[in-house]
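J.: Each residue of the sequence shown is one higher than the one before, starting from 469 at the first, in this note's numbering.
Glycine included, C-beta positions come from ideal geometry on N, C-alpha and C.
Computed from a predicted structure; not experimentally measured.
Quick one: structure below, then a few questions.
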Amino acid sequence: MTPSIARHRAGRKRKDAAFRYLCFFAAAFGVLLLLILLYKIFADGLSRVSFDFLKSGLSRRAGKTGIWPAVVGSLYVMALTAVIAIPLGVSAAIYLEEFTRKKNRLTRFIQVNISNLAGVPSIVYGLLGLALFNRWMHLGASVWSGALTMAILILPMVIIVTQEALKAVPNSYREGSLALGSTPWQAIRRQVLPNAFSGILTGIILSISRAIGETAPLIAVGAVAYVTSLPTPHNPKYTVLPILIFDWAGEARPGFDKAAAGAIVVLIVSLLLLNSVAIFLRGRARKNAA
469 MTPSIARHRA GRKRKDAAFR YLCFFAAAFG VLLLLILLYK IFADGLSRVS FDFLKSGLSR
529 RAGKTGIWPA VVGSLYVMAL TAVIAIPLGV SAAIYLEEFT RKKNRLTRFI QVNISNLAGV
589 PSIVYGLLGL ALFNRWMHLG ASVWSGALTM AILILPMVII VTQEALKAVP NSYREGSLAL
649 GSTPWQAIRR QVLPNAFSGI LTGIILSISR AIGETAPLIA VGAVAYVTSL PTPHNPKYTV
709 LPILIFDWAG EARPGFDKAA AGAIVVLIVS LLLLNSVAIF LRGRARKNAA
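Okay, structure coming up:
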């Protein structure tokens with residue numbers, strides 16, 4: 469080996485090692501910031517988290533306020549969002565992936581726009597919901613308006629994730645079912661969907677997890693921060709945990725910062741539990757499919 473080649477290889481190894489360490493430190497720096505943030509939140513918030521904090525209504529006094537109206541409002545909005553978005557998203561994905569195997573201009577146009585909509589900022593969906601549901605459909609600042617807006621927000625993500633789960637199913641499953649005399653829908657229902665179920669379910673739960681943490685769209689469609697009563701069909705006013713946290717974080721009076729930290733702890737734990745359920749159900753579905 470000539471000296472020039474040896475120097476060249478040594479230089480490449482040094483550059484490779486430098487780049488590897490740079491990537492490591494970048495990742496470690498991000499993790500460190502996350503750990504510091506979580507430590508600060510849990511250090512301030514755990515002292516406020518209790519059963520009374522969860523079950524009490526909102527109050528103007530930081531020491532006596534609770535988050536129950538926001539918890540119920542979040543459950544209302546997320547339940548309605550799931551009921552609206554999941555059937556539409558899964559059905560659209562099945563049509564685009566299974567019934568349009570030969571792509572034409574229309575399906576390509578739809579597919580491109582679905583991918584583009586997945587990257588649109590959430591506030592744009594809020595403004596769309598304000599114009600479409602609040603004003604044009606005259607739903608006002610109601611739970612239905614917020615749920616429809618959030619359903620539109622997560623719909624592209626549900627469609628894309630469901631399509632990817634359907635693509636992961638081998639074509640031999642479809643071909644074998646059709647060869648045995650099944651109709652295309654029977655092959656999809658009995659072979660494709662059961663094998664794609666774990667991926668579809670994971671995507672749905674992650675989509676709902678994203679919707680739980682959104683604030684801007686619900687502010688745009690009229691959700692308020694301070695609501696003492698629970699949302700009902702006759703009482704359209706509602707609040708959700710992210711909006712309550714946003715309001716308390718900007719409150720100048722002492723004590724509300726710790727209340728906001730406590731609400732953040734509840735929201736983080738809820739998201740972790742939801743993601744854990746997704747992991748458990750995905751593993752169980754894969755085990756049953758095997």
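1) Just the C-alpha distance for L503 and D520, rounded to the nearest angstrom, thanks.
2) Quick check: F764 and T683, are their CB atoms within less than 7 Å of each other?
3) Check each candidate in V540, A586, G614 and name the one with the smallest Cα separation from A599.
4) Taking a contact to mean a Cβ-Cβ separation below 7 Å, would you say A664 touches L634 in this structure?
5) Please work out which residues of its chain come closer than 6 Å, Cβ to Cβ, to S675, disregarding the five sequence neighbours upstream and downstream, and give them in chain order.
6) Since L548 and W612 should fall inside the 8 Å C-beta cutoff, what is the C-beta to C-beta distance between them, to a whole number of angstroms?
7) With A619 and G690 assumed to form a contact (beta carbons below 8 Å), what rounded beta-carbon distance in angstroms separates them?
8) Pull up the distance between the alpha-carbon of L741 and that of S515, whole angstroms please.
9) Please return the same chain residues whose Cβ sits closer than 7 Å to the Cβ of V733, not counting the five positions on each side in sequence.
10) Which same chain residues end up closer than 8 Å to A731 when comparing Cβ atoms and leaving out the 5 residues on each side of it in sequence?
11) From G541, A495, S527, A746, pick the residue whose C-alpha is nearest to that of I680; which is it?
12) Note down, in chain order, each residue of its chain lying with its Cβ closer than 8 Å to the Cβ of L686, except the 5 sequence neighbours on either side.
13) Using the rule of at least 16 other Cβ atoms within 10 Å of the residue's Cβ for burial, across every protein chain shown, is G671 buried or exposed?
14) Go through its chain and collect everything with a Cβ distance to G498's Cβ below 8 Å, but skip five positions before and after it.
15) Kindly indicate the opening and closing residues of the alpha helix (DSSP H) around I676.
16) Roughly how many angstroms separate the alpha carbons of P471 and C491, rounded to a whole number?
T.: Let's see:
1) 28 Å
2) Absent from the model: residue 764. The displayed extent of the chain is 469 to 758, so no value can be given.
3) Of all alpha-carbon atoms in V540, A586, G614, the one lying nearest the alpha-carbon of A599 is that of G614.
4) yes
5) I622, M625, V626
6) 7 Å
7) Not quite, the Cβ-Cβ distance comes to about 16 Å (not below 8 Å), so this is no contact.
8) 21 Å
9) I509, F510, G513, L514, V517
10) The residues are G513, I535, A538, L709, L712, I713, W716.
11) Comparing Cα positions, the closest option is G541.
12) V545, G594, G614, T617, M618, V708, P710, I711
13) With 16 or more neighbouring CB atoms inside 10 Å of its own CB, G671 falls in the buried class.
14) For G498, where only same-chain residues beyond five positions count, there are no Cβ hits under 8 Å.
15) Note, I676: alpha helix (DSSP H), 661-680.
16) 30 Å
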